[in-house]
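Taken in order, the sequence shown gives residues 1369 to 1507; the numbers are from our numbering.
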Amino acid sequence: MEGVASPVWIRCLFTRSRIPDSVFQPRPGDHEKYGGDPEEPHKIHVVTRIKSVVGRPYWEKKIIRDLGLDKAHKPRLHKNIPSVNSRLKVVKHLIRIQPLKLPHGLPTEEEVSSTFLTTRGELVIKKRLKPVEQKEIKS
């Protein structure tokens, strides 16, 4: 039985406590690399899962499920706040994070139903055409 490792010992190898804290700390060049502005950050993240969670540790699967990223390539919106950002850092190798862009500005209440989110992180408002009143033709 020497060649077989006990399940308790194997579990100790893959716990979160054994990952160095430096993995979760921001690096000095991150803002330049990803095109962010540290002085004026964006308010909302567009988060998309791009890799599978099969074979990943249980805590990463739980974070992905809690963030609503069960389906791959389906974007979700999350606030840019420290509590969400700390969870995103843990699974940053499985996801893509983009700022929410508003090329047409904020939608009004009437326009909210006709908006959609593109894969580039833009919230686009589909303009609905209003019917034109037809004039009588006098002959």
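Glycine is no exception: its CB is placed at the ideal position from the N, C-alpha and C atoms.
Unbroken beta strand (DSSP E) run spanning residue i, endpoints
i: P1467; result: I1463 to P1467
i: L1510; result: Residue numbering for the chain in the displayed model covers 1369 to 1507; residue 1510 lies beyond these limits and cannot be assessed.
i: L1445; result: R1444 to K1447
i: R1417; result: I1412 to R1417
Three-state secondary structure (DSSP) of residue i
i: E1428; result: helix
i: V1480; result: helix
i: M1369; result: Note that M1369 has pLDDT 48, beneath the 50 cutoff, so the model's placement of it is unreliable and the number below is only indicative. Of the three classes helix, strand and coil, the one that applies to M1369 here is coil, per DSSP.
i: D1405; result: coil
i: S1420; result: coil
i: S1507; result: coil
Residue interval of the alpha helix (DSSP H) (run including residue i)
i: L1456; result: P1450 to V1458
Cβ-Cβ distance between residue i and residue j below 8 angstroms
i: L1474; j: V1415; result: no
i: G1489; j: P1471; result: no
i: P1443; j: L1497; result: no
i: V1459; j: I1431; result: yes
i: L1462; j: I1412; result: no
Counterpart residues of residue i in DSSP-defined beta bridges
i: L1491; result: L1485
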